[in-house]
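Before any comments, here is the structure.
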Amino acid sequence: MADVPDNAPEHCPGTTSEQAGKSSSCEGCPNQKVCASGATKAPDPAIAEIGAKLSTVKHKILVLSGKGGVGKSTFSAHLAHALASDSTKEVALLDVDICGPSIPRIMGLEGEQVHQSGSGWSPVYVDDNLAVMSIGFLLSSPDDAVIWRGPKKNGMIKQFLRDVDWGDLDYLIVDTPPGTSDEHLSIVQYLSATHVDGAVIITTPQEVSLQDVRKEIRFCQKVKLPIIGVVENMSGFVCPSCKNTSQIFPPTTGGAERMCADLNLPLLGKVPLDPRIARSCDEGKSFLNEVPDSPSAEVYQNIVQSIKDYCSNRVTEEQSTT
Amino acid sequence: MVESLIQNMEQTNDGGLAQVRHVVLVLSGKGGVGKSTITTELALAFRHAGKKVGILDVDLCGPSIPRMLSIGRPDVHQCDAGWVPVYADAQKSLALMSIGFLLEDPDEAVVWRGPKKSAMIGQFVSDVAWGELDVLLVDTPPGTSDEHLAVLENLKKHRVDGAILVTTPQAVSTGDVRREITFCKKTGVRVLGIVENMSGFVCPHCSECSNIFSKGGGEDLAKLTGSVFLGSVPLDPLLSSSIEEGKDFMQSFPNSATFSAINSISQALLSSLQND
Ligand SMILES: Nc1ncnc2c1ncn2[C@@H]1O[C@H](COP(=O)(O)OP(=O)(O)OP(=O)(O)O)[C@@H](O)[C@H]1O
Ligand SMILES: Nc1ncnc2c1ncn2[C@@H]1O[C@H](COP(=O)(O)OP(=O)(O)OP(=O)(O)O)[C@@H](O)[C@H]1O
Ligand SMILES: [Mg+2]
Ligand SMILES: [Mg+2]
Ligand SMILES: [Zn+2]
Numbered sequence: 001m002a003d004v005p006d007n008a009p010e011h012c013p014g015t016t017s018e019q020a021g022k023s024s025s026c027e028g029c030p031n032q033k034v035c036a037s038g039a040t041k042a043p044d045p046a047i048a049e050i051g052a053k054l055s056t057v058k059h060k061i062l063v064l065s066g067k068g069g070v071g072k073s074t075f076s077a078h079l080a081h082a083l084a085s086d087s088t089k090e091v092a093l094l095d096v097d098i099c100g101p102s103i104p105r106i107m108g109l110e111g112e113q114v115h116q117s118g119s120g121w122s123p124v125y126v127d128d129n130l131a132v133m134s135i136g137f138l139l140s141s142p143d144d145a146v147i148w149r150g151p152k153k154n155g156m157i158k159q160f161l162r163d164v165d166w167g168d169l170d171y172l173i174v175d176t177p178p179g180t181s182d183e184h185l186s187i188v189q190y191l192s193a194t195h196v197d198g199a200v201i202i203t204t205p206q207e208v209s210l211q212d213v214r215k216e217i218r219f220c221q222k223v224k225l226p227i228i229g230v231v232e233n234m235s236g237f238v239c240p241s242c243k244n245t246s247q248i249f250p251p252t253t254g255g256a257e258r259m260c261a262d263l264n265l266p267l268l269g270k271v272p273l274d275p276r277i278a279r280s281c282d283e284g285k286s287f288l289n290e291v292p293d294s295p296s297a298e299v300y301q302n303i304v305q306s307i308k309d310y311c312s313n314r315v316t317e318e319q320s321t322t
Numbered sequence: 001m002v003e004s005l006i007q008n009m010e011q012t013n014d015g016g017l018a019q020v021r022h023v024v025l026v027l028s029g030k031g032g033v034g035k036s037t038i039t040t041e042l043a044l045a046f047r048h049a050g051k052k053v054g055i056l057d058v059d060l061c062g063p064s065i066p067r068m069l070s071i072g073r074p075d076v077h078q079c080d081a082g083w084v085p086v087y088a089d090a091q092k093s094l095a096l097m098s099i100g101f102l103l104e105d106p107d108e109a110v111v112w113r114g115p116k117k118s119a120m121i122g123q124f125v126s127d128v129a130w131g132e133l134d135v136l137l138v139d140t141p142p143g144t145s146d147e148h149l150a151v152l153e154n155l156k157k158h159r160v161d162g163a164i165l166v167t168t169p170q171a172v173s174t175g176d177v178r179r180e181i182t183f184c185k186k187t188g189v190r191v192l193g194i195v196e197n198m199s200g201f202v203c204p205h206c207s208e209c210s211n212i213f214s215k216g217g218g219e220d221l222a223k224l225t226g227s228v229f230l231g232s233v234p235l236d237p238l239l240s241s242s243i244e245e246g247k248d249f250m251q252s253f254p255n256s257a258t259f260s261a262i263n264s265i266s267q268a269l270l271s272s273l274q275n276d
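Sequence lines, in order, name chains H and G.
To convert, note that position 121 of the first sequence is 121 in full-length UniProt numbering; the numbers rise steadily by one, no gaps.
To convert, note that position 168 of the second sequence is 168 in full-length UniProt numbering; the numbers rise steadily by one, no gaps.
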């Protein structure tokens, strides 16, 4: 871990942080002088290495939400499945949720392990054209907990980007944990020498969720990450028995629709609550294959199409400006 | 004699937590399972049972409790013993201190790395003048990282009775909570029990029950790991809308199945704390 030397105290802020050499935990650390001099704050050489490594990845999409449990991982997984259903496209899904990795289960890869190859770690393949990487593949048992502070998580994310043998890709999808913290800062920072297409923001309809999601949008604006659009998930439930709709998570402040209008962002679609989505995730199957003709699958397909269009438009825009 | 002297010294060092009888963490490896909702409803249930309760909200990136208790964003003040909590009721039986109160702009994203979060939480946790409380509930963000370690480090100087783990029924959630149990073991926190939230939705139109997020996963996890199962709370639109509006669900819907579920969980928890 380049950020935290082995001989550093437990609360080391990381050699590249602004607090390096200055925080109270730095007192007595053998590296304090070097850190305080600012020498360690030079840009991490890994950023350039990652830039070179990912230059063969055409599109990079981050999936974000300030709120927990709104369906980021479910969406990331299904976006990956849908993009990979075109067998001419190479797709990869990277899970940077270090403390709560869900992707292995949702992709049906529980218990899989990564392999070390000559050119780095090789990801786990769901299909020939769909690769997955998650810290879950590095854990030896379902009871293992990853009790890591920020700097260590950052080191892992760096390794995922720099040391995984991704190969040539059309799409790299990145699933993130909730919030705006180390993982988010790191992924944006480590990808700063590459071109990121943008972020898809996931929310549920109620204000308890939107109030956190607005903060995430501010975060994107701060770090100049374009927003592809917003997905409202768990939007209403149609009773299978009487067909009436219940707003289980009520849009008391107008839901994602109102937020998108206020902030001038595209609303990509509203995915209803559907027990078959949760079940497919538990079973590690693609809901889009399991129940292709359901209303939720249809909404999903439309959203995926908008994202594809967004990505290809960005390519044309760039070509026309150069 | 010596012992009581030491105890006295500890009490003065304890500052704001000296008169807090029980401290319970609300944890989950998984996001959005209802940690903040369960924290809020348990606090309300305790209050209705005549207890003095406090909530400490340490979710820096997404503090939810102020909204759930309709407290908004008050100015907080300091007294000699530290930050004065904000009371949700005139009787001062429900106190809240949210780390969100200390942020300059509540709408601004808090984009902080771990060490900065730990430092802020460290200061904050030991510096609230709770006064006398029967139970202090600590609402945490999802995960097993900086915030959790910082909270524990600081609360343990006083006491931590244990943690309740919230999960939803499906495997995607119980899988994360299983890892959280290991976190508790490694950090020496007793698991007081598991709550299964959002289990089963009863259609208000036709009374048909749909298990939108599957069913029974919380109870199975409790069996698998030898933990106490505290009970399950149904997926109830009346609960989510009460939470949205910051209304007291426990007061408004005393005849609902959700009320009974939360009430029995709160009683089980109280008796397990008192039997200690
Ligand atoms: N539209 C839906 N209908 C029913 N269940 C859904 C829907 N979307 C997601 N789920 C289920 O809800 C749970 C939470 O989703 P998911 O794990 O994708 O959220 P997340 O935002 O990634 O959570 P975390 O913040 O913990 O990373 C999962 O069990 C998932 O299968
Ligand atoms: N039993 C329930 N019935 C209906 N809605 C619920 C229930 N439990 C929680 N909710 C709703 O689900 C949403 C998520 O709950 P909450 O914010 O409490 O989760 P959390 O675990 O604290 O999330 P985070 O990980 O983001 O902190 C809220 O809008 C809440 O009102
Ligand atoms: Mg997730
Ligand atoms: Mg919460
Ligand atoms: Zn019905």
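Every residue, glycine too, gets a C-beta built ideally from N, C-alpha and C.
The structure displayed is predicted, hence computed values, not measured ones.
- By DSSP, does glycine 16(G) sit in helix, in strand, or in coil? helix
- What is the DSSP secondary structure of isoleucine 55(G), counted as helix, strand or coil? strand
- Please determine, among Pro66(G), Phe124(G), Val23(G), Pro204(G), the residue with the shortest C-alpha to C-alpha distance to serine 256(G). Pro204(G)
- Would you mind giving the Cβ-Cβ distance between valine 96(H) and glutamate 183(H), rounded to the nearest angstrom? I have them listed as a contact below 8 Å. 5 Å
- Message: For a quick check, are the C-beta atoms of leucine 192(G) and serine 272(G) less than 8 Å apart?
- Response: yes
- Message: If distances are taken between C-alpha atoms only, which option among Gly216(G), Phe229(G), Lys215(G) comes closest to alanine 163(G)?
- Response: Phe229(G)
- What does cysteine 220(H) pair with, by DSSP beta-bridge criteria? Paired residues: none, contrary to the question.
- Taking 7 Å as the cut-off, does the CB of asparagine 289(H) come closer than this to any heavy atom belonging to ligand 5? no
- Three-way DSSP call (helix, strand, coil) for arginine 214(H) in this model: helix
- Message: Going by the DSSP bridge assignment, what does alanine 199(H) pair with across the sheet?
- Response: Leu62(H), Ile227(H)
- Closer than 5 Å from C-beta to any heavy atom of ligand 3: which residues, in chain order? Lys72(H), Ser73(H), Ser102(H)
- Message: Could you compute how far the alpha carbon of glutamine 301(H) sits from the alpha carbon of glycine 21(H)?
- Response: 50 Å
- What is the residue span of the beta strand (DSSP E) that asparagine 129(H) lies within? First-last for asparagine 129(H): undefined, no H or E at that position.
- Message: One question on the structure: do leucine 235(G) and isoleucine 202(H) come within less than 8 Å of each other, judged by their Cβ atoms?
- Response: no
- Query: Among Tyr125(H), Leu130(H), Gly108(H), which residue has its Cα nearest to the Cα of valine 172(G)?
  - Reply: Gly108(H)
- Query: When the Cα atoms are used, what is the spatial distance from methionine 198(G) to tyrosine 171(H)?
  - Reply: 35 Å
- Message: Looking only at its chain, what residues have a beta carbon closer than 6 Å to the beta carbon of glycine 229(H), apart from the 5 residues adjacent to it on each side?
- Response: Pro266, Leu268
- Item | Neighbouring residues, chain G, relative to cysteine 35(H) (Cβ below 8 Å) | Those within 8 Å of cysteine 35(H) in chain G number zero; the least Cβ separation is about 13 Å.
- Counting contacts by CB-CB distance shorter than 8 Å, is phenylalanine 259(G) in contact with chain H? no
- Query: In the structure shown, what three-state DSSP assignment does leucine 69(G) receive?
  - Reply: coil
- Check whether the Cβ of cysteine 209(G) lies closer than 7 Å to any heavy atom of ligand 5, and answer yes or no. no
- Item | Length of the line joining the Cα atoms of proline 295(H) and serine 126(G) | 51 Å
- Item | Residues bridged to tyrosine 87(G) (per DSSP) | Ala95(G)
- Apart from the five residues just before and just after histidine 11(H), which ones in its own chain have a Cβ nearer than 6 Å to its Cβ? Ser25
- Task: Leaving out five residues on either side along the sequence, give the residues of the same chain with a beta carbon under 6 Å from the beta carbon of cysteine 281(H).
- Result: Thr74, Ile106
- Proximal residues, the region 89-122 of chain H versus chain G, C-beta separation under 7 Å: Cys99, Gly100, Ser102, Arg105, Ile106
- For glycine 69(H), verify whether its CB is less than 7 Å away from any heavy atom of ligand 4. no
- Pair every Cβ in the region 166-180 of chain G with every Cβ in the region 54-71 of chain G, then say whether three or more of these pairs are closer than 8 Å. no
- serine 118(G) touches chain H at which residues, Cβ-Cβ below 7 Å? His11
- Message: Tell me which residue opens and which closes the beta strand (DSSP E) that leucine 165(G) is part of.
- Response: 162-167
- For proline 9(H), collect the residues of the same chain with a Cβ closer than 6 Å to its Cβ; drop the 5 residues on either side in sequence, then sort them by chain order. Ser25, Cys29
- Task: Check the Cβ of lysine 30(G) against every Cβ in chain H and list those closer than 9 Å, keeping chain order.
- Result: Gly68, Gly69, Gly100, Ser102
- Just how far apart, CA to CA, sit arginine 279(H) and glutamine 170(G)? 8 Å
- Message: Nearest by alpha-carbon distance to leucine 239(G): which of Val111(G), Leu69(G), Asp59(G) is it?
- Response: Leu69(G)
- Task: Flag residue 327(H) as yes if its beta-carbon sits less than 8 Å from any beta-carbon of chain G, otherwise no.
- Result: Outside the modelled stretch of chain H, which goes from 1 to 322, sits residue 327(H), for which no answer is possible.
- Message: Using C-beta distances below 6 Å, list every residue in its chain close to glycine 66(H), excluding the 5 sequence neighbours before and after it, in chain order.
- Response: Asp212, Val213, Lys215, Glu216
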